[in-house]
Amino acid sequence: MNPLMVLCLCMGLVSSEASNGEKAPWNLNKTQKAQILDLFTAKEKSVTADGVVTLVYSFDSDRPETATNFFPDVSFAPNSRVKWADHRWGYSRHFHDGVVIADKGEWFHTAVWEPDVRMDVDFVSFTTGNASRKDLVAATFAWSKKNRRRVGSNLGTQLVRLSGVKASGRQGKAAPFVHEDRSRFGFELKDGSFTTRVMGSSRESTSSKKLLKDLSAGQVGLVWSGGVTGVVNEIQIRGRLSLDWIRLYCPDFDPGSAASAEGSISHQ
Numbered sequence: 001m002n003p004l005m006v007l008c009l010c011m012g013l014v015s016s017e018a019s020n021g022e023k024a025p026w027n028l029n030k031t032q033k034a035q036i037l038d039l040f041t042a043k044e045k046s047v048t049a050d051g052v053v054t055l056v057y058s059f060d061s062d063r064p065e066t067a068t069n070f071f072p073d074v075s076f077a078p079n080s081r082v083k084w085a086d087h088r089w090g091y092s093r094h095f096h097d098g099v100v101i102a103d104k105g106e107w108f109h110t111a112v113w114e115p116d117v118r119m120d121v122d123f124v125s126f127t128t129g130n131a132s133r134k135d136l137v138a139a140t141f142a143w144s145k146k147n148r149r150r151v152g153s154n155l156g157t158q159l160v161r162l163s164g165v166k167a168s169g170r171q172g173k174a175a176p177f178v179h180e181d182r183s184r185f186g187f188e189l190k191d192g193s194f195t196t197r198v199m200g201s202s203r204e205s206t207s208s209k210k211l212l213k214d215l216s217a218g219q220v221g222l223v224w225s226g227g228v229t230g231v232v233n234e235i236q237i238r239g240r241l242s243l244d245w246i247r248l249y250c251p252d253f254d255p256g257s258a259a260s261a262e263g264s265i266s267h268q
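With the numbering used here, letter number 94 in the sequence shown gets 94, and the count goes up by one each step, no holes.
Spelled out as structure tokens, the structure:
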């Protein structure tokens, strides 16, 4: 199934709600936790009884299955915008593992997440910044039809509204791109507020109803433009999955019917 169709399909499925109209709390049993974790190829993965999923992806060309939860597919072709790293193409021998992103494009996780999610990216730049190009690499949350509404964290220091793969609005100052500079950046979306993160610390934040108009379940990923090149070594995602998305693969999944359970189940 084309992941871009997921958001449209989800709208037609029934959600689990409490009698007061609010979403009922999840109470997953061991079998249900295993069903959720089986959907992902992450190196480390866990889920708590109340449905908080944590996924850690470490990318390696010797294990291409590590990237199968993302689209578009990672290529071995040297001219691809999303390709496996290879030091023979001129990258430092110290950073030959991971996924190379180049030129301009996007790379999203296939799952659909509630707007209660955090994403962090380990990224090594092979670009020296050029202000005239308006270089951008943004950890992004996208929602609405065909993921048209987008908000992102550009290297963690700048909050951006995105139109496709380009910034149409900016808050905060963008960090410069430095050749072979390793950074860790991302975002947290919670309680209707989007906050950029860099090296584990919060930076720019917004709760703008205009920017986050009709905020709903969506997908997380990377968006880049301006002619940048870099290697994505690791991506971590922590949040709550859309029940509608889970039911695409587990039609009878009912997170409120399980017997009382505590703790989490994890696979590594």
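Here a beta-carbon is modelled for each residue, glycine too, at the ideal position from N, C-alpha and C.
DSSP lists no bridge partner for K30. Comparing alpha carbon positions, the residue from R118, G105, E106 and F177 closest to T127 is F177.
Of the residues assessed, T196 falls on the buried side of the cut-off, its CB having 16 or more other CB atoms within 10 angstroms.
Bounds of the alpha helix (DSSP H) holding L248 are L243 to Y249.
If the five residues before and after M199 are omitted, its C-beta is found closer than 8 Å to the C-beta atoms of G156, S183, R184 and F185, all from its own chain and listed in chain order.
For V74, DSSP records no beta bridge to any residue. In the structure shown, R161 adopts extended strand secondary structure according to DSSP, grouped into three states.
Per the Cβ contact rule, the stretch 216-228 is in contact with the stretch 133-147 (3 or more Cβ pairs under 8 Å). Excluding its 5 nearest sequence neighbours in each direction, V160 has C-beta neighbours in its own chain below 6 Å: A138, G152, N154, A167 and R170, listed in chain order. Boundaries of the beta strand (DSSP E) around T140: L136 to W143.
Between the beta-carbon of Y249 and that of L39 there is about 6 Å, and that keeps the pair under the 8 Å contact cut. Distance from the CA atom of E65 to the CA atom of T41, rounded to whole angstroms, is 7 Å. A residue is called buried once 16 or more other Cβ atoms fall within 10 Å of its Cβ, and F123 is buried on that count. The Cβ atoms of W113 and L241 lie closer than 8 Å to each other.
Counted as a single uninterrupted DSSP element, the beta strand (DSSP E) harbouring G186 occupies residues R182 to K190.
Taking C-beta separations shorter than 6 Å and ignoring five residues to either side along the sequence, the partners of G192 in its chain run S207, following chain order.
Fully contained in the stretch 216-244 are the following beta strand (DSSP E) runs of length 3 or more, in chain order: 218-241. DSSP, read as helix, strand or coil, puts N154 in strand. K45 carries a strand assignment under DSSP once its states are collapsed to helix, strand and coil.
The DSSP-derived three-state label of K23 is strand.
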